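Protein chains: 2
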Amino acid sequence: MIFIDSALGKKTPYTPIWMMRQAGRYLSEYRESRAKAGSFLDLCKNVELATEVTLQPIDILDVDAAILFSDILVVPLEMGLPLEFLAGEGPKFNQTIRSESDFKALKKDAYKNLTYVYDAVSSIRAKLSKDKALIGFCGSPWTLATYMIEGEGSKTYTHSKKMLYSNPKLLHALLESITQELVSYLGEQIRAGANAVMVFDSWASALELSAYLNFSWEYMKKIAKAIKSQYPHIPVMLFPKGVGAYLEHLDGEFDVFGVDWGTPMSLAKEKLGGKYVLQGNLEPARLYNRQAMLEGVEQILSVMNEDRGHIFNLGHGMIPDLPRENAIELVQLVREKTKR
Amino acid sequence: MIFIDSALGKKTPYTPIWMMRQAGRYLSEYRESRAKAGSFLDLCKNVELATEVTLQPIDILDVDAAILFSDILVVPLEMGLPLEFLAGEGPKFNQTIRSESDFKALKKDAYKNLTYVYDAVSSIRAKLSKDKALIGFCGSPWTLATYMIEGEGSKTYTHSKKMLYSNPKLLHALLESITQELVSYLGEQIRAGANAVMVFDSWASALELSAYLNFSWEYMKKIAKAIKSQYPHIPVMLFPKGVGAYLEHLDGEFDVFGVDWGTPMSLAKEKLGGKYVLQGNLEPARLYNRQAMLEGVEQILSVMNEDRGHIFNLGHGMIPDLPRENAIELVQLVREKTKR
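Chains A and S, in that order, give the protein sequences.
Following numbering that gives the first Met the number 0, the numbering of the first sequence begins with 0 at its first residue and continues without gaps.
Following numbering that gives the first Met the number 0, the numbering of the second sequence begins with 0 at its first residue and continues without gaps.
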C-alpha cells in the first residue's frame with residue numbers, strides 16, 4: 000500500500016493523498032446513506048451504512064486511503080455520558096465531568112462496548128481494495144476531556160481551563176483514564192483490520208504552550224508509544240490543530256505529523272521534516288475555486304515534492320458545500336504532479 | 000507617561016501594565032453602568048457612561064493605561080449596516096456585504112458620524128490622570144470585513160473565504176474602503192486626545208499565511224504607516240490574534256506588537272524582539288487561580304524582564320467571571336517585580 004509505505008517514511012512512486020472528512024455532506028451519496036440511517040449517531044452505529052459511506056470517497060475520488068466513518072465522541076458516550084447530536088448545533092452531552100464524583104461515576108473498559116466500531120472496521124477492510132489503506136482513529140484525550148467537561152463544543156473552554164489551573168490533579172486523572180481507553184480502542188481497531196491510526200487533537204489551540212505540553216501532547220505521546228510498542232508496523236499519525244507556534248517543542252514516537260492549514264508547510268518542514276512524515280495541508284476553502292485550488296497545490300508541492308516524507312491532505316476537514324468535481328480533480332492533479 | 004515611553008521603545012522605571020477588556024463584566028461597577036445605559040450599544044454611544052467605565056479599571060486596578068470603551072463594530076454600523084447585540088449571542092448585522100451592489104450601497108465617510116466616540120475620547124482624556132495613557136482603537140479591516148460579510152461571528156468564515164478565493168477583487172475593494180475609514184477614524188481619536196492607537200485583528204487566525212499577508216496584514220500595515228506619517232509621536236500597536244506561526248513574515252512601520260497567549264513570548268522575542276515592543280501575554284484563565292497567575296507572571300518575566308521592550312498585558316481579554324482581586328494583585332506584582 001502506497002499510503003502505508005509513505006507513512007512509514009519509505010520512497011513511493013507518487014505522493015499519496017486522502018482528505019480529512021472525505022466521507023461527508025459534500026457527497027450526495029453520503030447524504031442519502033445518512034438519511035437512510037436516521038441520526039448521525041445511528042449512522043456511526045450501523046455497520047453496513049458506516050461501511051458504505053467509508054467506501055464512497057474511494058470509489059468517487061480514488062484517494063489512497065479510507066478513514067473509518069465514526070465520531071470521536073463515541074468513546075465518552077460509552078464511558079457513560081449520554082450524547083445527542085442536535086441539528087445545526089453540534090454534539091451535546093446531558094451530563095458533564097466537573098468534580099471528583101462525576102469522574103468516579105465514569106464506566107471502566109468502555110472500549111469493550113465499542114464493538115460496532117470494530118465490526119465496521121472488519122467490514123470495511125473486507126470490502127476495500129488491497130492497495131488502499133484503512134485508517135482508524137480517535138480523538139485526543141484533551142479534546143475528549145474538554146467535551147466531557149464543557150458538555151458541548153466551546154469557544155472559551157471556561158470549565159476545562161478552570162479545572163486545569165485550579166484542580167490539575169483531577170484533570171490529569173481524567174486524561175489518564177481516557178488515554179487508557181484510547182490505547183485499547185485503537186488496539187482493537189488495529190486487530191479488526193485498521194492499517195494505520197490517527198489521533199485528532201481538534202482543540203489543541205485552546206491551550207498555551209506549557210499547558211498544551213502537560214495536558215495534551217504528553218497524552219498523545221503516551222498513546223503513540225503504547226501503539227508503536229505493540230504494533231511497530233502500524234503508522235501512528237498525530238494531528239494537533241492550531242499549534243504552529245509550538246512545533247519545536249513537539250516530539251515523540253510516532254510516524255506522521257498532520258499539518259493544519261494555519262501552519263505553513265515550510266515551517267513544518269523546517270521544524271519536523273526528516274523526523275516525521277508530514278501530512279497536509281491545503282486550505283479546504285481553496286476548493287471553492289478551481290484556480291485557487293491549483294495555486295494552493297503548487298505552493299505545497301513547491302515545498303514538499305520529494306519521493307518521501309509527504310502525504311497530501313487538506314489542512315482541515317472538507318466543507319459541506321464544496322464542489323465535488325474539485326475534490327476529484329485534486330486527487331488526479333496531485334498524483335500526476337508527483338509521479339516519479 | 001510610562002506607558003507611552005515604553006511603547007516608543009524607551010527605558011522605563013518599571014514595565015507598564017494594562018489588560019485587554021479591563022473595563023468589563025468582571026467588575027460590578029461596570030455591570031452597574033451597563034445596566035444604567037440599557038443595551039451594550041447604548042453604553043458605547045453614551046459619552047458620560049463610556050467615560051465612567053473606561054476610568055473604572057484605572058481607579059480599581061491602577062493600570063498604566065486606559066483604553067477607550069467602545070466596540071470595533073461601530074465602524075461598519077456607521078458604514079450603513081444595522082447592528083444588534085443579542086444577549087448571549089453576540090453581535091448581528093441585519094444586512095451583509097456579499098456582492099458588488101451590497102458594497103456600492105455602503106455609506107462614505109462613516110468616520111464623520113462617529114462623533115460620540117471622539118466626544119468620549121475628549122471626555123476621558125480630560126478626567127484621566129496625566130501620568131496615565133489613553134489608548135484609542137479600531138478593528139482590523141479583515142476582521143471588520145468578515146463581520147460585514149458573514150453578518151455575525153463565525154466559526155468557518157464560509158462566505159468571507161468564498162469571496163477571498165473566488166472574487167478577491169471585491170474583497171480588496173471592501174478592505175480598501177474600510178482601511179480609508181479607519182485611518183480617518185483613528186486620526187480623529189488622536190485629535191480628540193488618544194495617546195496611542197491599537198488595531199485588533201481578532202480573526203487573524205481564520206486565514207492561511209499567503210491569504211493573511213494579502214488580505215489582512217497588508218491593510219494593517221497601511222493603517223500603521225498612514226498614522227505614523229501624520230502622528231509620528233503616537234505609538235501604533237497591532238494585535239493579530241492567533242498567527243504565532245506567521246511571525247517571521249510580519250513587518251511594517253509600527254511600534255508595538257500584541258502577543259496573544261497562543262504565541263510563546265520566547266518565540267515572539269526571537270522573531271520580533273528588538274524591532275518592536277512586545278505586549279502580552281498572560282493566559283487570562285490563569286487569573287482563575289492565584290498560584291497559576293503567579294507562575295504565569297514568572298514565566299513571562301523570565302523571558303522579558305528588561306528595562307525596555309515589554310508592556311505587560313493579558314494574551315486575550317479578561318473573562319467575565321475572573322476574580323477581580325487577582326487582577327488587582329497582578330498589577331502590583333508586575334510593578335514590584337520589574338522595578339529597576
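The beta carbon of each residue, even a glycine, is placed where N, CA and C say it ideally should be.
Computed from a predicted structure; not experimentally measured.
In three-state terms, what does DSSP make of residue i?
| i | result |
| --- | --- |
| Y211/S | helix |
| P322/S | coil |
| Y230/A | coil |
| I410/S | Any answer about residue 410/S is impossible in this case: the structure gives chain S only from 0 up to 339. |
| V242/S | coil |
| D101/S | helix |
| M0/S | coil |
| I96/A | coil |
| G8/A | coil |
| Y275/S | strand |
| F253/A | coil |
| G138/S | strand |
| K91/A | strand |
| A193/S | coil |
| V258/A | coil |
| A65/S | strand |
| L127/S | coil |
For residue i, which residues of its own chain have a beta-carbon under 7 Å away from its beta-carbon, when the five flanking residues on both sides are left out?
| i | result |
| --- | --- |
| T50/S | A119, S122, I123, K126 |
| A223/A | V235, L237, G251, E252, F253 |
| G242/A | Checking the sequence shown, residue 242/A turns out to be Val, not Gly. Hits under 7 Å: A203, S204, Y211. |
| R339/S | P12, Y13, D306 |
If we ignore side chains and look at the alpha-carbon of each, how far apart do residue i and residue j end up?
| i | j | result |
| --- | --- | --- |
| A284/S | T95/S | 34 Å |
| P90/S | T157/S | 18 Å |
| Y13/A | F311/A | 10 Å |
| K107/S | A205/S | 27 Å |
| T138/A | V302/A | Correcting the residue identity first, residue 138/A is Gly in this sequence and not Thr. Roughly 29 Å separates the two Cα atoms. |
| S209/S | L246/A | 20 Å |
| N194/S | G87/S | 33 Å |
| V182/A | Y230/A | 11 Å |
| G279/A | L313/A | 5 Å |
| W141/A | S153/S | 24 Å |
| E297/A | A203/A | 28 Å |
| A22/S | D63/A | 53 Å |
| I3/S | A244/S | 28 Å |
| G79/S | S98/S | 15 Å |
| K129/S | L67/S | 16 Å |
| L329/S | Y164/A | 16 Å |
| V198/A | M0/A | 21 Å |
| F92/S | P81/S | 6 Å |
| K227/S | G295/A | 35 Å |
Does the Cβ of residue i have 16 or more other Cβ atoms within 10 Å, making it buried, or fewer, making it exposed?
| i | result |
| --- | --- |
| K131/S | buried |
| E282/S | buried |
| F61/S | For the sequence presented, residue 61/S should be read as Asp rather than Phe. The residue is exposed, with fewer than 16 neighbouring Cβ atoms inside 10 Å. |
| E77/A | buried |
| A65/S | buried |
| H232/S | exposed |
| A109/A | buried |
| D240/S | This sequence places Lys at residue 240/S; Asp is not what is there. Its Cβ being crowded by 16 or more others within 10 Å, K240/S is buried. |
| N288/A | buried |
| T114/A | exposed |
For residue i, which residues from the same chain have a beta carbon less than 6 Å from its beta carbon, with the 5 sequence-adjacent residues on both sides left out?
| i | result |
| --- | --- |
| F102/S | I96, L173 |
| S5/A | T11, P15, I310 |
| V116/A | S69 |
| F39/A | F84 |
| A191/A | Y117, V120, S121 |
| A291/A | R285 |
| Q188/A | V120, G135 |
| L105/S | M78, G79 |
| A267/A | V258, L277 |
| L42/S | R33, A36, L48 |
Near residue i, what residues of its chain come up, given a Cβ to Cβ distance below 8 Å and the 5 sequence neighbours on each side ignored?
| i | result |
| --- | --- |
| Y25/S | M317, I318, P319, D320, L321, P322, R323, A326 |
| S265/A | V302 |
| S159/A | A144, T145, I148, E149, S153, L170, A205 |
| G8/A | D254, V276, R307, G308 |
| L271/S | L246, L249, F256, L277 |
Hey, does residue i have any beta-carbon neighbour from chain D nearer than 8 Å?
| i | result |
| --- | --- |
| I318/A | In summary, chain D is missing from the structure at hand, where the protein chains are A and S. |
Inter-stretch contact at 8 Å, needing at least 3 Cβ pairs: the stretch 47 to 64 of chain S / the stretch 17 to 33 of chain S: yes
At least 3 beta-carbon pairs within less than 8 Å: the stretch 255 to 263 of chain A vs the stretch 216 to 233 of chain A: Because the criterion of three Cβ pairs below 8 Å is not met, the stretch 255 to 263 of chain A and the stretch 216 to 233 of chain A do not touch.
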